[in-house]
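Asks:
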Amino acid sequence: MGFRDQAEKLEGEKVRVDTVNGSYVGRLVDVKSSTLILRDSEGRRTIIRDSEIIAVIGIKDHHK
C-alpha cells in the first residue's frame with residue numbers, strides 16, 4: 000500500500016506531519032497527488048509537498 004493510500008485513511012483526523020523543515024500539527028483536510036493539506040486550530044491552511052514529508056502520525060483527539 001502506498002503512502003497516499005495510508006494518508007487517505009487519516010483524512011479528517013488530527014495528525015502530526017514531520018518534514019525536513021520541521022513538524023506541523025492540524026486536521027488533515029485533503030490528500031492530493033503530490034501534497035497534503037492541513038488546517039490548524041486557527042483555521043489556516045498549510046500545504047505540504049510530499050517530497051518533504053518524513054512521517055504522518057495520527058493523534059488521538061480526546062475531545063470528540
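Read in numbering that gives the first Met the number 0, the sequence shown has 11 at position 12, and its numbers run on one by one without any break. We put the beta carbon where it would ideally sit given N, CA and C, even for glycine.
Hey, would you say residue 46 sits closer than 8 Å to residue 36, going by beta carbons?
Replies: Within the sequence shown, residue 46 is the residue found at index 47, counting from 1. Within the sequence shown, residue 36 is the residue found at index 37, counting from 1. Yes.
Asks: Residue 53: which of 10, 15, 25 sits nearest, CA to CA?
Replies: Translated into the one-based positions of the sequence shown, residue 53 becomes position 54. Out of 10, 15, 25, 15 has the C-alpha closest to the C-alpha of residue 53.
Asks: Cutting at 6 Å between CB atoms, please list the residues of its own chain near residue 49, excluding the five before and the five after it.
Replies: Taking the sequence shown and counting its residues from 1, the one referred to as residue 49 is at position 50. Around residue 49: 33.
Asks: Given a cut-off of 8 Å, decide if residue 13 and residue 60 are closer than it, judged by their beta-carbon atoms.
Replies: What you label residue 60 is simply residue 61 of the sequence shown in a count that begins at 1. What you label residue 13 is simply residue 14 of the sequence shown in a count that begins at 1. Yes, the Cβ-Cβ distance between residue 60 and residue 13 is below 8 Å.
Asks: Can you give the beta carbon distance from residue 1 to residue 27, rounded, assuming they're within the 8 Å contact cut?
Replies: Within the sequence shown, the letter at position 2 stands for residue 1. Within the sequence shown, the letter at position 28 stands for residue 27. So it is not a contact: roughly 16 Å between Cβ atoms.
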